[in-house]
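Student: Numbering (UniProt numbering), first residue to last: 17 to 437.
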Ligand code: OSB
Ligand code: MG
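(1) With a threshold of 8 angstroms, are at least 3 pairs of Cβ atoms found where one atom belongs to the stretch 217 to 234 and the other to the stretch 49 to 57?
(2) Run through DSSP, which three-state label would residue 415 get?
(3) Under 7 angstroms between the Cβ atoms of residue 282 and residue 238?
(4) Could you tell me the distance, in whole angstroms, from the CA atom of residue 117 to the CA atom of residue 24?
(5) From residue 383 to residue 370, what distance separates their C-alpha atoms?
(6) If you check the beta carbons only, do residue 366 and residue 418 fall under 7 angstroms apart?
(7) How many angstroms separate the CA atom of residue 401 from the CA atom of residue 410?
(8) Taking 8 angstroms as the threshold, find out whether the stretch 346 to 365 comes into contact with the stretch 60 to 73 through three or more Cβ pairs.
(9) Apart from the five residues on each side of it in sequence, which residues of its chain come closer than 7 angstroms, Cβ to Cβ, to residue 267?
(10) Leaving out five residues on either side along the sequence, give the residues of the same chain with a beta carbon under 8 angstroms from the beta carbon of residue 165.
(11) Starting from residue 77, trace the alpha helix (DSSP H) both ways and give me its first and last residue.
(12) If you reduce the DSSP assignment to three classes, tell me which class residue 367 lands in.
(13) If you scan the stretch 172 to 248 from start to end, which runs of the alpha helix (DSSP H) of 4 or more residues do you find wholly inside it?
(14) Looking at the strands, I want to know which residues DSSP matches up with residue 254.
(15) On the three-pair Cβ rule with 8 angstroms, is the stretch 39 to 48 touching the stretch 65 to 82?
(16) Measuring straight from C-alpha to C-alpha, what distance separates residue 354 and residue 376?
(17) Return yes when the C-beta of residue 279 is under 6 angstroms from any heavy atom of ligand 2, and no when it is not.
(18) List the whole-angstrom C-beta distance separating residue 211 from residue 201, where the pair is believed to meet the contact cut-off of C-beta under 8 angstroms.
(19) For residue 433, report the span of its beta strand (DSSP E) as first-last.
(20) Taking all protein chains shown into account, decide if residue 299 is buried (16 or more other Cβ within 10 angstroms of its Cβ) or exposed.
(21) According to DSSP, what are the bridge partners of residue 35?
(22) Name, in chain order, the residues that DSSP records as bridge partners for residue 58.
(23) Tell me the rounded alpha-carbon separation between residue 342 and residue 321.
(24) Please classify residue 248 as buried or exposed, where buried requires at least 16 other C-beta atoms within 10 Å of its C-beta.
(25) From what residue to what residue does the beta strand (DSSP E) around residue 408 run?
(26) Once the 5 residues before and after residue 328 are set aside, which same chain residues still bring their CB inside 6 angstroms of it?
(27) Check each candidate in 430, 169, 264 and name the one with the smallest Cα separation from residue 58.
(28) What would DSSP say about residue 445, mapped onto helix, strand or coil?
(29) Can we count residue 274 as close to ligand 1, meaning its CB is less than 6 angstroms from some heavy atom?
(30) Compute the Euclidean distance between the alpha carbons of residue 240 and residue 205, then round it to the nearest angstrom.
(31) Is DSSP giving residue 398 helix, strand or coil here?
(32) Taking the C-alpha atoms as reference points, what is the distance between residue 276 and residue 251?
(33) Just curious, the beta strand (DSSP E) that residue 301 is in, first and last residue?
(34) Does DSSP put residue 307 in a helix, in a strand, or in coil?
(35) Assuming residue 352 is part of the beta strand (DSSP E), what are its boundary residues?
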């Protein structure tokens, strides 16, 4: 199997309400869609990079540029991977003649994994998608740019799974058909507006509220929302790196509000201050921006900088790395949950699939399409009713399980598409 062309589409999709965080305010989502053509069919994915390099150093223009100039050309040149089965184990040997090395994606520990995924374990899933598994190694010569790499890998994975007639949930080892959903609530202009917004989301059925906080917008809104929703409702906060070590006493002041977690109060590079907060406060610390891959995840856990992990596959260079992070957290009894980056249905479908893995023990930022957009790029994700109130159904059709609405890709285009072949 091989990749024959990569097409990049730049879209601007209006949000139903502005989304404000400690790092900025957005009124539209600038979307970068990656469309790959392979010899076995097409795949689509969404890059999670934002318009500006504020949440992370990556941003849409940079991602599009590095894909066009470096990543897509390398992927098109990469040797086709082939599946090896020596009779005892099966796996994927990705040969890289230029460097005379081979990468063996081993599934020996998974027992008889030749037939497909062992629920919740990464290695077996990876062995069943040789083309997607070859993307990371083919692109590793470029430093960083995980969001750009992750989008390419996800598009190839969609193409490969469509050709196999398998869904992402099946490939990843999903253990449930519906996932619990939370909602991320931006910084509001007034407390009254915040309480109105939260009330609306609870009426819609969301199972957990996440408040964006920043210095000057923390204890008061958290106290007001806790008062509104009652002591048993699930509540957490996300600071997107807005605080410093001087704020540890202030942040420990959130303890009485019985939060599920506090997400990324300090800088991406600053594990040490997260360790100090974890020791000074009873609220669990959860890292988002700091978790770049499985290595940083294990390091942060072992140092005591995080006791819960926000998994955003797009931030970690792709779903295969996200599966490794999931497995490592599970081995260490660290709960994970699925974050979000205001994705359209394209990215959301894949997030919902990974959120169905066994280690995802908390509701994700996997909200319904209507929380973001009046109209979605795919069939809309809608919260269930009755026993599925506050949940989204895991797509079960091949690949992402959703179809990209071509007319909207055209109507919402912010720039002409770029093709690398
Ligand atoms: O930090 O989780 C974050 C959105 C964009 C960038 C970063 C974050 C977020 C959110 C929204 O919190 C999550 C979502 O609903 O997609
Ligand atoms: Mg976050």
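Where is the CB? At the ideal position from N, CA and C, for every residue including glycine.
Just so it is clear, the structure is predicted and the values come from calculations on it, not from any experiment.
Tutor: In short, the structure shows the following:
(1) no
(2) By one-based count along the chain shown, residue 415 stands at place 399. Correct three-state label for residue 415: strand.
(3) What you label residue 282 is simply residue 266 of the chain shown in a count that begins at 1. What you label residue 238 is simply residue 222 of the chain shown in a count that begins at 1. No, these two residues do not count as a Cβ contact at 7 angstroms.
(4) Translated into positions along the chain shown, residue 117 becomes position 101. Translated into positions along the chain shown, residue 24 becomes position 8. Residue placement at residue 117 is flagged as unreliable, the pLDDT there being 34, under the threshold of 50; a coordinate-derived value is accordingly withheld.
(5) As a position in the chain shown, residue 383 is number 367, starting the count at 1. As a position in the chain shown, residue 370 is number 354, starting the count at 1. Taking the straight line joining both Cα atoms gives about 14 angstroms.
(6) Within the chain shown, the letter at position 350 stands for residue 366. Within the chain shown, the letter at position 402 stands for residue 418. No.
(7) Taking the first residue of the chain shown as position 1, residue 401 is located at position 385. Taking the first residue of the chain shown as position 1, residue 410 is located at position 394. The alpha-carbon atoms of residue 401 and residue 410 are separated by roughly 15 angstroms.
(8) yes
(9) Walking along the chain shown from the start, residue 267 turns up at place 251. The residues are 259, 278, 281, 293, 297.
(10) Sequence index remark: in the chain shown, residue 165 carries index 149 (1-based). 87, 151, 152, 155, 158, 333, 334.
(11) For this step, residue 77 is matched to residue 61 along the chain shown. DSSP places residue 77 in the uninterrupted alpha helix (DSSP H) bounded by 76 to 82.
(12) As a position in the chain shown, residue 367 is number 351, starting the count at 1. Note: residue 367 maps to helix in three-state DSSP.
(13) Fully enclosed alpha helix (DSSP H) runs of 4 or longer: 184 to 188, 207 to 220, 235 to 245.
(14) As a first step, residue 254 is located in the chain shown; it is residue number 238 there, counting from the start. 228, 279, per the DSSP bridge assignment.
(15) yes
(16) Here residue 354 is taken as the residue at index 338 of the chain shown, counted from 1. Here residue 376 is taken as the residue at index 360 of the chain shown, counted from 1. Between residue 354 and residue 376, the C-alpha separation is close to 7 angstroms.
(17) Counting from one through the chain shown, the residue named residue 279 turns up at place 263. At least one heavy atom of ligand 2 is nearer than 6 angstroms to the Cβ of residue 279, so yes.
(18) By one-based count along the chain shown, residue 211 stands at place 195. By one-based count along the chain shown, residue 201 stands at place 185. In fact, because the Cβ distance is near 10 angstroms, the residues do not count as touching under 8 angstroms.
(19) Here residue 433 is taken as the residue at index 417 of the chain shown, counted from 1. Its beta strand (DSSP E) spans residues 429 to 436.
(20) As a first step, residue 299 is located in the chain shown; it is residue number 283 there, counting from the start. Flag for residue 299 reads buried.
(21) In the chain shown, residue 35 corresponds to position 19, counting from 1. Answer is 42, bridged to residue 35.
(22) What you label residue 58 is simply residue 42 of the chain shown in a count that begins at 1. Answer by DSSP bridge pairing, in chain order: 53.
(23) Here residue 342 is taken as the residue at index 326 of the chain shown, counted from 1. Here residue 321 is taken as the residue at index 305 of the chain shown, counted from 1. Their backbone Cα atoms lie some 17 angstroms apart in a straight line.
(24) One-based indexing of the chain shown puts residue 248 at position 232. Around the beta carbon of residue 248, fewer than 16 other beta carbons sit within 10 angstroms, so the residue counts as exposed.
(25) Looking up residue 408 in the chain shown gives position 392. Element bounds for residue 408: 407 to 409.
(26) For the purposes of this step, residue 328 is taken as residue 312 along the chain shown, with counting starting at 1. Around residue 328: 355.
(27) Sequence index remark: in the chain shown, residue 58 carries index 42 (1-based). It is 169.
(28) For residue 445 there is no data in the structure shown, the boundaries of the chain being 17 and 437.
(29) By one-based count along the chain shown, residue 274 stands at place 258. Flag unset: Cβ of residue 274 not near ligand 1.
(30) As a first step, residue 240 must be located in the chain shown, where it is residue number 224. As a first step, residue 205 must be located in the chain shown, where it is residue number 189. Distance between the alpha carbons of residue 240 and residue 205: 14 angstroms.
(31) Working through the chain shown from its first residue, we reach residue 398 at position 382. Residue 398 carries a coil assignment under DSSP once its states are collapsed to helix, strand and coil.
(32) Locating residue 276 in the chain shown gives position 260, where the first residue counts as 1. Locating residue 251 in the chain shown gives position 235, where the first residue counts as 1. Distance between the alpha carbons of residue 276 and residue 251 is about 6 angstroms.
(33) Working through the chain shown from its first residue, we reach residue 301 at position 285. That run of the beta strand (DSSP E) goes 301 to 303.
(34) Reading the chain shown from its first residue, position 291 is the one you call residue 307. Correct three-state label for residue 307: coil.
(35) Translated into the one-based positions of the chain shown, residue 352 becomes position 336. Where residue 352 is concerned, the enclosing beta strand (DSSP E) stretches over 352 to 354.
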